[in-house]
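Q:
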Amino acid sequence: QSPSTKQSCSACGFVLGVGLGFVAHESGHLLANGVLGTDVYFKKVTAAGLPFFAIAHREVLSQRQEFAVSSAGFLAQFSAVEWVLTRAPELRHRPASVSKGVLAFHLGTSVMYGIAGLGHLGPLERDTRGMATSLGIDEQWVGVAVLAPAILDTYRYFRPSSKWARWASRISKIVILIPLFTYLS
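Start counting the sequence shown at 12; every next residue gets the next number (this note's numbering).
(1) Buried or exposed: which applies to A22, given that a residue is buried once 16 or more other Cβ atoms fall within 10 Å of its Cβ?
(2) Taking the beta strand (DSSP E) that V68 falls in, what are its first and last residues?
(3) Can you tell me which of G39, E150, P100 and D164 puts its alpha carbon nearest to the alpha carbon of H131?
(4) Roughly how many whole angstroms lie between the Cα atoms of F25 and R69?
(5) In terms of alpha-carbon separation, which member of W152, S145 and G28 lies closest to S73?
(6) Does at least one heavy atom of the ligand PLP sit under 7 angstroms from the Cβ of G128?
(7) Flag this pair as yes or no: are the beta carbons of G28 and S110 separated by less than 8 angstroms?
(8) By the three-class DSSP mapping on this structure, what secondary structure does A99 have?
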């Protein structure tokens, strides 16, 4: 293959990885809604002036159910990127463009939602708001909880041999599950 063909194939792989990350995130919401038996629909929303969609449910959910649905996208996304970083810790030095796309989606989405949570920005249907509302806490705390794995995974990308970062990242991802098993009713 010519160098330009390899470069374009790499770009295609990267875009595919970003798409897979997106599908993982949204599938998490759909799976949670499916497990709960909710009637979902796609709702048009705008974020920063850009048209987008939200997966919404017609029923009023309990706090635990709302938290489960709102956090499911992050949990699916965190699982996907953890699989990538565990399978290929030296990702930075590999031509693994699909895996790098999955990581890029995770980092971009986490930063976007983290900033949205910290600044109370974006559509009312945003995941961080749903999580915060169900917990009865300020959305800024959820913003921090979503940003932490992204920061730690960025560090892991550049310093793959760091054991503390690997475990801190994993713990930061698991922490989001705690409300499901503690005080939510």
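Even for Gly, the Cβ is constructed at its ideal location relative to N, Cα and C.
Every value quoted in this text rests on a predicted model; they were computed, and no experiment measured them.
A: Straight from the coordinates:
(1) The C-beta of A22 has fewer than 16 other C-beta atoms within 10 Å across all chains shown, which makes the residue exposed.
(2) Sequence check: residue 68 is His here, not Val. Note, H68: beta strand (DSSP E), L61 to H68.
(3) Here the closest residue by C-alpha is E150.
(4) Taking the straight line from one Cα to the other gives about 35 angstroms.
(5) Nearest to S73 by C-alpha distance, out of W152, S145 and G28, is S145.
(6) As far as ligands go, the structure on display features none, and thus does not contain the ligand PLP.
(7) For G28 and S110, yes; Cβs fall inside 8 angstroms.
(8) Coil.
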